[in-house]
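Colleague: Sharing a structure below in structure tokens format, with a few things to ask.
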Amino acid sequence: MYENTKTATINVNRIVLRMIEEFMLLANVTVATWLKERFPDIAFLRCHPSPLSSPLPHMMKEMKETLEHVGIHLDVSSAGSLQASLGRYSGDDPYSQARLIVLNTLCARPMAVSKLTTAREMSNSIVFHNVSLLQRAKYFCASFASEAPDFWHYALSVPLYTHYTSPIRRYADVMVHRLLAASLGYSDKPQWHDDFVQKIASNCNKQKFAAKRAGEQSTELYLAIYVGLHGPMVEEAVVVDVKDHSFDIIVCSMGCTQRIYTNKIEAKPTFQSQGKISSLVLQWPSTETEPNSVKQIIQIFSIVTVSLRRSESSLKIETQLLRPRE
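The sequence shown begins at 1 in the UniProt record's numbering and counts up one residue at a time.
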């Protein structure tokens, strides 16, 4: 059953795939612009709101201020400026690569550093799906938007966008193809009311998010099985968030996020908070094999070594912090 569960790696976006994606994006933008001109009342479009218009704008502010305390300055005024900001902190050394993993995660899911969320939200922050600095892109009927920012796609930095290139796997593209065919004279204009188009768009949004979650959960299931077959596995990880009784890490080789609780660590923890930066000071005791005690500081961007194993009672991954080498 699990004979194909042999590898687990982070997906790499190759140059040839990026080139194909650019042509697909160009086609989608071109069709969106055409349909907006021909059918301004029922054009089926897709937008992505700016994080500046987020329903929780304090999260972006908290993220920026927290990162500035550790020397990271991000410009989120546009997708291009954000990408340029992140590019300044890239590098080939292990620390720079680990830091970029954290920055990418925080930009998409900054709940981990927001101190204005409730205790219940913070306890669920490992899920990372319900609240995000970057809101989800959504389909909509053109007549339900009035201002230019309502049409804008923040992530792609284009004024108009839709999904046209994949009608074999997305119903949204089928809607767009029908409108495009009518605009080119291949068929009559669909007798759609704007309320009907908006209802279809809302359902497409719902189903697309459900498909996204199913894909994420499938990946989590595969990873749990993989770790169960090959574990325990010793991996390098980078700290993304620190709380008083736990901290979150990202396993660099797999891109998965795990939480480590201090009561599961052999070292004595001391929580410290200075401004917006939290840290845990771990005092590892001496042992028969390790005669010297070791002090370890856990804070954002710290690189640690962890052991991964699958739980014996469920398809969950259990993560243990390993004692640092002297």
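Using N, Cα and C, we set each Cβ at its ideal position, and we do this for glycine too.
Run through DSSP, which three-state label would isoleucine 297 get?
Modeller: Residue state, collapsed to three classes: strand.
Colleague: Quick one: Cα of arginine 46 to Cα of tyrosine 95, how far?
Modeller: Those two C-alpha atoms are separated by around 37 Å.
Colleague: Taking 8 Å as the cut-off, does the stretch 141-160 touch the stretch 19-37 (at least 3 CB pairs, one atom from each stretch)?
Modeller: Touching, per the Cβ criterion.
Colleague: Within 8 Å, do at least three Cβ pairs link the stretch 293-312 to the stretch 231-240?
Modeller: These segments touch.
Colleague: Take residue 328 as the anchor and find which of Met24, Lys206, Asp188, Glu290 has the nearest alpha-carbon.
Modeller: Not covered by the structure: residue 328. The range shown for the chain is 1 to 326.
Colleague: Give the secondary structure of glutamate 147 by DSSP, where H, G and I count as helix, E and B as strand, and everything else as coil.
Modeller: Here glutamate 147 sits in coil by DSSP.
Colleague: Grouping DSSP H, G and I as helix and E and B as strand, with all else coil, what is lysine 316?
Modeller: Lysine 316 falls in the coil class under three-state DSSP.
Colleague: In three-state terms, what does DSSP make of residue 327?
Modeller: As displayed, the chain neither begins before 1 nor continues past 326, which places residue 327 out of reach and without an answer.
Colleague: Is the beta carbon of serine 278 less than 8 Å from the beta carbon of lysine 316?
Modeller: No, the pair does not count as a contact, with Cβ atoms beyond the cut-off.
Colleague: Is the stretch 201-208 in contact with the stretch 139-149, if contact means three or more CB pairs nearer than 8 Å?
Modeller: Yes, the stretch 201-208 is in contact with the stretch 139-149.
Colleague: Could you check the C-alpha separation between residue 332 and valine 239 for me, to the nearest Å?
Modeller: Outside the shown range of the chain, which is 1 to 326, sits residue 332, and nothing can be said about it.
Colleague: Taking all protein chains shown into account, do 16 or more other C-beta atoms lie within 10 angstroms of the C-beta of proline 49, making it buried, or fewer, making it exposed?
Modeller: The residue in question, proline 49, is buried, as its Cβ has 16 or more Cβ neighbours within 10 Å.
Colleague: For proline 51 versus valine 76, is the C-beta distance shorter than 8 Å?
Modeller: Contact: yes.
Colleague: Tell me, please, which residues DSSP counts as bridged to isoleucine 277.
Modeller: In DSSP, isoleucine 277 forms a bridge with Gln274.
Colleague: Taking the beta strand (DSSP E) that glutamine 258 belongs to, which residues open and close that run?
Modeller: Here the beta strand (DSSP E) through glutamine 258 covers 257-261.
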